[in-house]
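So for the sequence shown, my numbering puts the first residue at 47; every next one is plus one. Beta carbons are placed, not taken as given, at the ideal position from N, Cα and C, and that holds for glycine. The structure presented is a predicted model; accordingly, all values stated were derived computationally and were not measured. The structure under discussion appears below in the form of structure tokens.
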Amino acid sequence: MSLLDVQGLTIRYGNDTVVDGVDLYIDRGESVGLVGESGSGKSQSALAILGLLPRQAEVSGSILFDEQQLLGASERELDTFRARRIGMVFQDPMQALNPYLRIGAQLRQILRSHGGTDKAAVDARVLEMLAKVGLPDPDRQLRAYPHELSGGMRQRVMLASALIVEPDLLIADEPTTALDVTVQAQILDLLEDIRDNTALLLITHDLGVVAGHCEHMIVLDKGHLVEQGQTTTLFAAPGHPHTRTLLDAAPRVDRGDVATSATGSTILSVSDASVEYRDLTAVRKVSFAVREGETVAVVGESGSGKSSVVRAMLGLVPLSAGRVVYAGKNLEGPVERRLKSQRRDLQLVFQDPVSALNPQMRVRAIVAEPLLVHEPSMTAAERLERVTAILEKVGLSERFLQRFPHQLSGGQAQRVAIARALILRPRVLVCDEAVAALDGSVRRQVLDMLRAVQADTGLSIIFISHDLAVVRSISHRVLVMYLGKLVEAADSGTLFTAPRHPYTQALLDSVPVPDPVVVPKRAPLRGEVPSPVNPPPGCVFHPRCTKAEARCGSTAPSMRDVAGSSVACHFPN
Ligand code: SF4
């Protein structure tokens with residue numbers, strides 16, 4: 047008998063069926079990946095297992111956990127299973143942690159509510175658990191409030207709070223989606239470590255995570271189970287077209303074509319740029335150039351300064367030192383004081399399209415708005431013609447003209463945001479995590495569209511991303527930043543095949559590969575990015591570098607050319 051045996055699970059909200067007849071089994075110690083795009087019913091299924099769906103949800107079918115029926119059980123009965131026997135970890139740990147309670151108190155409370163009475167034993171167990179999930183300096187962090195911890199540390203605390211009572215099953219819903227790839231690797235390794243005692247239901251849209259960590263996988267599409275089986279089998283020979291679509295849309299960091307170097311002339315250059323915010327330096331003396339028709343990716347963990355340097359370039363935050371030259375002219379001061387022509391030539395697309403689009407305006411007006419400012423003499427008919435043409439270019443037909451943002455899917459909204467940025471025919475488009483929130487198949491369509499516009503118009507793209515597999519698929523050149531500094535710059539072909547800086551190597555090795563037969567290379571990068579308020583002396587990467595030597599702690603390496611790459615390391619590979 048399976049530990050969890052779900053049969054015919056159906057969830058309805060009025061006439062809307064969000065999960066339709068899903069069967070799901072998990073054996074003790076087994077790890078099962080539940081995959082699908084947004085709206086496929088993954089999270090709804092997990093919440094149903096835990097009895098956490100809102101009241102208006104109508105749920106039918108059967109949910110047996112250790113042979114006991116959970117569906118229809120009272121809150122009191124469910125409480126005996128939740129937390130004690132079935133733990134849950136969410137994408138956003140802030141939702142689950144009490145912001146007013148110190149970390150140690152929250153964990154002690156869990157143990158006490160499960161019968162822990164011996165204070166010394168409870169304290170010891172809490173410390174043991176925090177150390178086990180890799181929280182640095184657990185003695186001190188016990189007294190911290192959740193907001194004082196980084197996202198990665200909070201996720202570790204969340205994991206500790208789910209595992210402290212040794213549940214039989216852990217349901218982890220996109221537990222690493224919001225984390226940097228290096229922290230993701232550490233958390234996924236932790237989930238591997240618990241597998242002797244705890245079965246795992248891992249809900250994710252990331253097929254790399256499933257390939258590396260789940261023996262079995264279940265594919266959902268619009269509430270229907272379309273395929274399930276051994277992960278290796280499904281990856282090798284997907285039986286359902288939707289599984290094939292998901293696999294085809296999963297970018298790989300370890301293989302695939304990379305764009306050959308762009309040969310256009312330099313359109314934009316940033317020299318010795320520094321950005322300071324009150325007491326910290328977010329960017330230190332960063333220099334790079336972008337060619338016409340080139341896509342330059344800027345990568346690095348949170349706190350690397352990748353967004354800050356580009357925002358300073360655009361005049362959205364002040365540059366404390368250095369200069370930006372666009373088309374042979376200095377770009378100075380905040381964006382509102384720059385020349386109109388300079389403003390129209392440099393456009394930006396953010397990660398969250400919905401918040402970037404005015405909810406009270408129709409798509410037609412949203413996309414046309416920049417024309418009113420920059421081309422006021424244009425007639426209404428001419429504007430409509432331009433709007434229709436640009437929407438077509440981003441793959442949206444005329445029927446979208448009259449829609450409001452809330453009537454668009456995430457992918458459609460992002461296309462509208464890109465159309466609005468492109469309508470002025472800019473020469474440089476900055477995409478700041480612009481495809482990070484999109485499902486795989488939609489992300490691929492948006493990237494294909496950007497490539498097509500670039501081929502057509504010679505657009506230059508600066509692509510800020512934490513996703514190196516996506517970066518490989520789109521960029522001509524890559525800049526790697528760490529703690530405000532540029533540590534490596536190279537053509538994509540060079541960077542992805544022969545990374546020189548230990549940080550670049552660690553980043554690449556941390557990316558999960560959507561292929562269960564590929565053995566991960568990584569030795570996880572230790573710790574987290576240090577605070578930019580008090581950066582380490584010498585090479586800023588030395589506290590985490592596996593190749594550090596004595597000199598690294600005292601002398602900062604400067605950029606030098608090594609076989610096609612520019613690298614800031616005393617001992618480049
Ligand atoms: Fe590592 Fe030293 Fe190179 Fe820095 S300079 S990346 S610490 S080997």
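What do you reckon, is the C-beta of residue i under 7 Å from a heavy atom of ligand 1?
i: Pro545; result: no
i: Pro582; result: no
i: Lys531; result: no
i: His286; result: no
i: Phe587; result: yes
i: Lys178; result: no
i: Glu595; result: yes
i: Pro576; result: no
i: Phe281; result: no
i: Cys477; result: no
i: Phe617; result: yes
i: Cys598; result: yes
i: Tyr146; result: no
i: Cys260; result: no
i: Tyr549; result: yes
i: Pro603; result: yes
Any idea which residues DSSP pairs residue i with across the strands?
i: Arg432; result: Per DSSP, none; premise fails for Arg432.
i: Leu532; result: Met527
i: Leu50; result: Ile72 and Phe111
i: Asp607; result: Ser612
i: Tyr59; result: Asp62
i: Thr327; result: Glu322
i: Glu104; result: Arg58
i: His262; result: Val78 and Gln276
i: Ile249; result: Leu80 and Asp219
i: Cys477; result: Val395 and Phe509
i: Asp537; result: Arg523
Check each candidate in the options and name the one with the smallest Cα separation from residue i.
i: Val321; options: Pro145, Met359 and Gln460; result: Met359
i: Arg259; options: Glu76, Arg384 and Ala465; result: The question names Arg, but residue 259 is His in the sequence shown. It is Glu76.
i: Ala92; options: Val517, Leu248, Met204 and Pro416; result: Leu248
i: Thr341; options: Gly368, Ala367, Arg330 and Ser307; result: Ser307
i: Gly504; options: Arg471, Val526 and Ser317; result: Arg471
i: Glu113; options: Asp325, Tyr71, Ser354 and Asn144; result: Tyr71
i: Leu554; options: Phe587, Pro589 and His512; result: His512
i: Arg572; options: Ala283, Asp325, Gly180 and Arg410; result: Gly180
i: Phe281; options: Pro582, Asn619 and Pro562; result: Pro562
i: Arg74; options: Ala328, Arg597 and Asp214; result: Asp214
i: Leu437; options: Arg489, Leu496 and Thr126; result: Leu496
i: Ile412; options: Gln448, Gly379, Gln393 and Asp138; result: Gln448
i: Thr291; options: Leu253, Arg337, Arg408 and Pro100; result: Leu253
i: Gly87; options: Gly197, Val575, Ser506 and Leu271; result: Leu271
i: Gln500; options: Leu514, Glu479 and His522; result: His522
i: Arg122; options: Asp138, Phe136, Leu98 and Ala498; result: Leu98
i: Tyr323; options: Leu365, Pro287, Thr63 and Leu314; result: Leu365
For the alpha helix (DSSP H) holding residue i, just list the boundary residues, first then last.
i: Ser91; result: Lys88 to Ile95
i: Met495; result: Gly486 to Thr503
i: Glu123; result: Glu121 to Phe127
i: Asp242; result: Unbroken run through Asp242: none, as it is neither H nor E.
i: Arg590; result: It is not in any alpha helix (DSSP H) - Arg590 carries neither H nor E in the DSSP assignment.
i: Gln448; result: Taken as a continuous stretch (DSSP letters only), Gln448 belongs to no alpha helix (DSSP H), as it is neither H nor E.
i: Arg518; result: Leu514 to Ile520
i: Asp185; result: Pro184 to Gln187
i: Thr601; result: Per DSSP, Thr601 belongs to no alpha helix (DSSP H) and is neither H nor E.
i: Val172; result: Lys165 to Lys178
i: Asp303; result: Element bounds for Asp303: n/a, residue is neither H nor E.
i: Arg200; result: Gly197 to Leu209
i: Leu153; result: Ile149 to Ser159
i: Asp561; result: Careful: Asp561 lies outside any alpha helix (DSSP H) and carries neither H nor E.
First and last residue of the beta strand (DSSP E) that includes residue i?
i: Ile132; result: Ile132 to Val135
i: Leu314; result: Thr312 to Tyr323
i: Ser77; result: Ser77 to Val81
i: Ala308; result: Counting along the chain, Ala308 falls outside any beta strand (DSSP E), and DSSP gives it neither H nor E.
i: Leu215; result: Leu215 to Asp219
i: Ile469; result: It is not in any beta strand (DSSP E) - Ile469 carries neither H nor E in the DSSP assignment.
i: Ile508; result: Ser506 to Ile510
Threshold first: 3 residues or longer. Then list the beta strand (DSSP E) segments lying entirely within the region 368-438, N to C. 375-377 and 392-395
Extract the residue ranges of the alpha helix (DSSP H) inside the region 268-301, only unbroken runs of 4 or more that lie entirely within it. 277-282 and 287-295
If you scan the region 332-372 from start to end, which runs of the alpha helix (DSSP H) of 4 or more residues do you find wholly inside it? 352-360
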